[in-house]
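Numbering (the UniProt record's numbering), first residue to last: 1 to 471. I have placed the structure first, in the form of structure tokens, so that the comments after it can refer back to it.
This is the structure in structure tokens:
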């Protein structure tokens with residue numbers, strides 16, 4: 001297959017569009033023009049259709065309809081979008097879909113701002129979806145943005161009569177989705193994303209029970225979910241993402257080959273299955289570090305990568321089991337008084353660990369500084385060897401005594417250590433500016449003072465322990 005850059009593709013179209021007009025009877029040539037036309041972005045495809053009868057016919061069957069503020073050239077900020085932009089978006093969407101035959105659509109991306117205001121009614125939206133959602137469609141993306149309490153009910157009947165059998169990717173945002181039992185209309189579905197969607201656990205189970213090809217499931221702000229069960233018939237499901245579903249109490253996975261799970265939110269009961277190898281938990285209001293140490297070694301014995309973040313942690317950490325296969329560990333401890341040396345227990349429970357990343361808030365500067373202590377005053381944890389650790393990063397490094405002690409411990413007990421990176425900037429991005437001027441944000445006086453203290457702590461306690469072969 002030959003791939004062309006967009007400028008070259010436009011040049012080819014300009015060169016040969018007249019040729020297509022001269023020889024309209026050549027069906028194979030028309031198929032070539034139709035394919036070339038389908039590779040263009042929406043706005044360019046529309047422009048070409050305005051100057052060529054051949055491409056005008058092709059436009060009525062254009063396969064990739066991405067009708068969003070960006071693709072339609074409506075400038076304006078994402079937040080606080082004006083009523084004029086919302087109205088223009090609805091008008092342009094109406095014009096494009098009204099002139100489309102509905103035949104040949106492979107992907108529909110529909111974004112509706114300030115629904116149901118500014119001339120976009122439920123009847124309009126149902127009609128637009130009815131034009132494009134037909135047998136053969138593979139991707140459906142519907143995102144509503146509304147501050148109105150009245151919720152749009154996605155018409156599940158659109159997915160019947162073969163229209164849903166070909167859909168591989170489905171994204172729904174800010175609507176209600178109410179699939180019923182016995183409706184097997186999404187058998188080709190590989191990716192399902194529900195953002196702020198009204199759907200119960202039973203309704204989701206009805207959908208999942210027929211989606212045997214599903215590979216990735218994403219649930220965000222789905223507050224009607226209380227009990228989430230992943231059925232065992234999802235043999236291909238490998239990735240599960242659940243974020244901030246406020247009323248969720250239990251997540252029970254029966255899918256036999258689930259590989260990766262990403263969760264954020266309050267404490268829930270987790271039953272994940274032994275196949276899991278990658279786990280990411282961002283906790284709110286519960287001590288996920290202690291939870292991980294106490295529960296996960298027996299729950300997910302094959303875990304290879306663990307990423308946990310908690311704003312509530314205790315100092316005493318004892319890990320009774322072993323993460324025998326864990327190679328990558330990232331811990332975010334966001335409390336100003338946390339005893340970072342206690343993490344040695346976690347490291348000791350990971351005999352295969354190669355990469356360790358610790359992310360701390362700048363508030364660790366509130367802890368007792370280690371600068372007033374001698375080497376003999378620093379605590380040590382004898383008998384803990386970390387034989388496979390090669391790469392260690394501490395993001396948000398400060399002069400706190402417990403953090404200095406942890407760093408010294410790692411240097412003294414990790415004989416294969418190749419790289420130790422200490423960054424005083426939280427997440428490495430706190431000073432980066434998103435403005436076009438390219439300037440960085442100024443540091444506060446407190447952060448500047450703590451950065452100097454951290455540098456002094458490195459020079460006084462850490463540099464002398466770094467082997468000459470380490471970086």
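C-beta atoms are modelled at their ideal positions from N, C-alpha and C, and glycine is treated no differently. Note that the coordinates shown come from a computational prediction; the quantities given were computed from them, not determined experimentally.
Anticipated Cβ contact below 8 angstroms, residue i with residue j, distance rounded
{"i": "residue 420", "j": "residue 388", "result": "In fact, because the Cβ distance is near 15 angstroms, the residues do not count as touching under 8 angstroms."}
{"i": "residue 100", "j": "residue 138", "result": "The pair is not a contact, with the Cβ atoms about 16 angstroms apart (cut-off 8 angstroms)."}
{"i": "residue 225", "j": "residue 247", "result": "7 angstroms"}
{"i": "residue 141", "j": "residue 108", "result": "7 angstroms"}
{"i": "residue 172", "j": "residue 128", "result": "Residue 172 to residue 128, Cβ: 15 angstroms. No contact."}
{"i": "residue 321", "j": "residue 350", "result": "That pair is no contact at about 11 angstroms."}
{"i": "residue 275", "j": "residue 256", "result": "6 angstroms"}
{"i": "residue 424", "j": "residue 451", "result": "4 angstroms"}
{"i": "residue 86", "j": "residue 113", "result": "4 angstroms"}
{"i": "residue 201", "j": "residue 185", "result": "Not quite, the Cβ-Cβ distance comes to about 19 angstroms (not below 8 angstroms), so this is no contact."}
{"i": "residue 453", "j": "residue 399", "result": "4 angstroms"}
{"i": "residue 405", "j": "residue 379", "result": "5 angstroms"}
{"i": "residue 525", "j": "residue 65", "result": "A query on residue 525 cannot be resolved here, the shown segment of the chain reaching from 1 to 471 and no further."}
{"i": "residue 166", "j": "residue 136", "result": "5 angstroms"}
Simplified DSSP state of residue i, which is helix, strand or coil
{"i": "residue 333", "result": "strand"}
{"i": "residue 349", "result": "coil"}
{"i": "residue 302", "result": "coil"}
{"i": "residue 191", "result": "strand"}
{"i": "residue 245", "result": "coil"}
{"i": "residue 296", "result": "helix"}
{"i": "residue 221", "result": "coil"}
{"i": "residue 428", "result": "In this predicted model, residue 428 has a pLDDT of only 47, less than 50, meaning its place in the structure is not dependable; the value taken from the coordinates is given anyway. In this structure, residue 428 counts as helix in the three-state DSSP scheme."}
{"i": "residue 252", "result": "strand"}
{"i": "residue 274", "result": "coil"}
{"i": "residue 386", "result": "coil"}
{"i": "residue 22", "result": "Unreliable positioning characterises residue 22 in this predicted model, as indicated by a pLDDT of 47, which lies under 50. The coordinate reading is nonetheless provided below. Residue state, collapsed to three classes: helix."}
{"i": "residue 361", "result": "coil"}
{"i": "residue 498", "result": "The structure shown does not extend to residue 498, since the chain is modelled only from 1 to 471, so the question has no answer here."}
{"i": "residue 400", "result": "strand"}
{"i": "residue 463", "result": "helix"}
{"i": "residue 344", "result": "helix"}
{"i": "residue 216", "result": "strand"}
{"i": "residue 354", "result": "coil"}
{"i": "residue 312", "result": "coil"}
{"i": "residue 291", "result": "helix"}
{"i": "residue 445", "result": "helix"}
{"i": "residue 339", "result": "coil"}
{"i": "residue 226", "result": "coil"}
{"i": "residue 208", "result": "helix"}
{"i": "residue 377", "result": "helix"}
{"i": "residue 196", "result": "strand"}
{"i": "residue 265", "result": "strand"}
Close Cβ partners of residue i (< 8 angstroms) along its chain, the five nearest in sequence each way excluded
{"i": "residue 429", "result": "Only weak support exists for where residue 429 lies, its pLDDT of 48 falling under 50; the coordinates are left without a value."}
{"i": "residue 319", "result": "293, 294, 297, 345, 346, 348 and 349"}
{"i": "residue 205", "result": "229 and 231"}
Neighbourhood of residue i by C-beta, 6 angstroms cutoff - its chain only, sequence neighbours within 5 removed
{"i": "residue 307", "result": "280 and 330"}
{"i": "residue 239", "result": "216 and 260"}
{"i": "residue 422", "result": "394 and 397"}
{"i": "residue 177", "result": "154, 197 and 199"}
{"i": "residue 328", "result": "305 and 355"}
{"i": "residue 220", "result": "195 and 243"}
{"i": "residue 207", "result": "179"}
{"i": "residue 292", "result": "308"}
{"i": "residue 410", "result": "392"}
{"i": "residue 218", "result": "193 and 241"}
{"i": "residue 110", "result": "67 and 142"}
{"i": "residue 338", "result": "313"}
{"i": "residue 462", "result": "407"}
{"i": "residue 340", "result": "402, 403 and 406"}
Candidates the options: closest to residue i by CA position
{"i": "residue 254", "options": "333, 248, 247 and 271", "result": "271"}
{"i": "residue 314", "options": "333, 96 and 113", "result": "333"}
{"i": "residue 391", "options": "246, 111, 294 and 418", "result": "418"}
{"i": "residue 223", "options": "322, 266 and 350", "result": "266"}
{"i": "residue 91", "options": "108, 109 and 124", "result": "124"}
{"i": "residue 344", "options": "274, 408 and 311", "result": "408"}
{"i": "residue 159", "options": "235, 151, 113 and 187", "result": "187"}
{"i": "residue 342", "options": "402, 360 and 324", "result": "402"}
{"i": "residue 286", "options": "130, 312 and 386", "result": "312"}
{"i": "residue 134", "options": "122, 151, 106 and 463", "result": "106"}
{"i": "residue 284", "options": "93, 209 and 335", "result": "335"}
{"i": "residue 289", "options": "468, 382, 386 and 359", "result": "359"}
{"i": "residue 151", "options": "377, 460 and 175", "result": "175"}
{"i": "residue 385", "options": "377, 361, 413 and 376", "result": "413"}
Cβ-based neighbour list, residue i, same chain, cut-off 7 angstroms, excluding 5 preceding and 5 following
{"i": "residue 213", "result": "187, 188, 189, 190 and 236"}
{"i": "residue 268", "result": "248, 249, 250 and 251"}
{"i": "residue 303", "result": "276, 277, 279, 296, 323, 325 and 326"}
- Query: What are the uninterrupted segments assigned as beta strand (DSSP E) that are 3 or more residues long and contained completely in the region 85–146, given in chain order?
  - Reply: 107–113 and 139–145
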